[in-house]
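Residue numbers (my numbering): 1 to 137.
Taking it in order: structure first as structure tokens, then the write-up.
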């Protein structure tokens, strides 16, 4: 059975906290729009990233597509990022030598959901938590 991604369509409020191993904390606040694109869905996040006294506009896009019985999540340019099964609490990894990404999604409180990141390596060492909540028209 192919995963049905149409439930993501529309606008979402996004709140992200990034905690670096050195103690620095960054926060992203904005929204994501999920729109159909080709045979998948593009998630375009736009908002403000604040770290210390500095704030600036930040953007991130990903592509989500049904791939057999999994969901393929790709970077905006189509490069593969990771796959997740369509379950309540999927986990994923992304090997990006020399750094390692581990992700844990939680869809149990839909239409509120989250993803936790743990990124380690010689260049990166942080944890991030992103929470999504549907914006109803």
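Backbone N, C-alpha and C fix where the C-beta goes; we use that ideal spot for every residue, glycine too.
What is the DSSP secondary structure of residue i, counted as helix, strand or coil?
i, result
"residue 128", "strand"
"residue 36", "strand"
Below 8 angstroms on the Cβ atoms is my contact criterion, and I expect residue i with residue j to pass it. Report the Cβ-Cβ distance as a whole number of Å.
i, j, result
"residue 47", "residue 28", "6 angstroms"
"residue 90", "residue 105", "5 angstroms"
"residue 66", "residue 3", "5 angstroms"
Cα-Cα, which of the options is closest to residue i?
i, options, result
"residue 5", "30, 19 and 40", "40"
"residue 26", "52, 134 and 8", "52"
"residue 62", "102, 110 and 37", "37"
"residue 131", "50, 123, 121 and 117", "117"
"residue 84", "32, 102 and 77", "102"
In angstroms with no decimal places, state the Cα-to-Cα distance between residue i and residue j.
i, j, result
"residue 12", "residue 42", "13 angstroms"
"residue 79", "residue 126", "23 angstroms"
"residue 18", "residue 68", "32 angstroms"
"residue 114", "residue 98", "26 angstroms"
In chain order, each beta strand (DSSP E) run of at least 3 residues that lies wholly inside the region 63-134: 70-75, 80-84, 91-96, 99-109, 112-120 and 125-134
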